[in-house]
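Here the sequence shown stands for residues 543 to 652, where the numbers follow our numbering. First comes the structure, then the notes that go with it.
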Amino acid sequence: MAARNAVDRPEDRIRAAKDTGLRNLPFHGYDANRIWLALVALALDLLAWMPMLALADHDARRWEPKALRLRLFSIPARLARHARQTHLRLSAHNPWTALALTALTRLQPG
Numbered sequence: 543m544a545a546r547n548a549v550d551r552p553e554d555r556i557r558a559a560k561d562t563g564l565r566n567l568p569f570h571g572y573d574a575n576r577i578w579l580a581l582v583a584l585a586l587d588l589l590a591w592m593p594m595l596a597l598a599d600h601d602a603r604r605w606e607p608k609a610l611r612l613r614l615f616s617i618p619a620r621l622a623r624h625a626r627q628t629h630l631r632l633s634a635h636n637p638w639t640a641l642a643l644t645a646l647t648r649l650q651p652g
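This is the structure in structure tokens:
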């Protein structure tokens, strides 16, 4: 079983990288594509750490990037400003709003 996990983990990371933007390089210039690759690497790091830290006790920690994008990252929201504070108001009608709020609360410092 340990040998199978050692093989599966890199394949999972490669599949996630392709789903995150590594499938095609979108620009003609080398420097622009280099920046694109750095952004993809940053997105992959965030996708690796966020489930471990914010979704540790939920099945969402095993979701693929496409499922995370569909369920958590596409929740309708509005930025509201009042009294020099900015608030993120998430849609109450989305079924994944409670999970997103739990994850955001866990990621808050202090």
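The beta carbon of each residue, even a glycine, is placed where N, CA and C say it ideally should be.
Beta carbon of residue i nearer than 7 Å to that of residue j
i	j	result
Arg648	Ala596	yes
Lys608	Asp573	no
Thr644	Ile617	no
In DSSP terms, what residue i is bridged to
i	result
Leu621	Leu630
Identity of the residue in the options nearest residue i by Cα
i	options	result
Ala634	Ile556, Arg626, Gly652 and Ala619	Ala619
Ala622	Leu630, Ser616 and Phe615	Leu630
Leu589	Pro552, Phe569 and Ala558	Ala558
Arg555	Asn575, Trp578, Pro568 and Glu606	Glu606
Leu655	His624, Met592 and Asp599	One cannot answer for residue 655 here, as it falls past the ends of the chain, which runs 543 to 652.
Arg551	Arg604, Pro637 and Leu632	Arg604
Chain C contact for residue i (CB, 7 Å cutoff)
i	result
Pro618	Reference to chain C is not applicable here, since this structure consists of a single protein chain.
Integer Cβ distance of residue i from residue j, believed to fall under 8 Å
i	j	result
Leu641	Leu614	7 Å
Start-end ranges of the alpha helix (DSSP H) lying completely within the region 550-631, minimum 4 residues: 572-596 and 607-613
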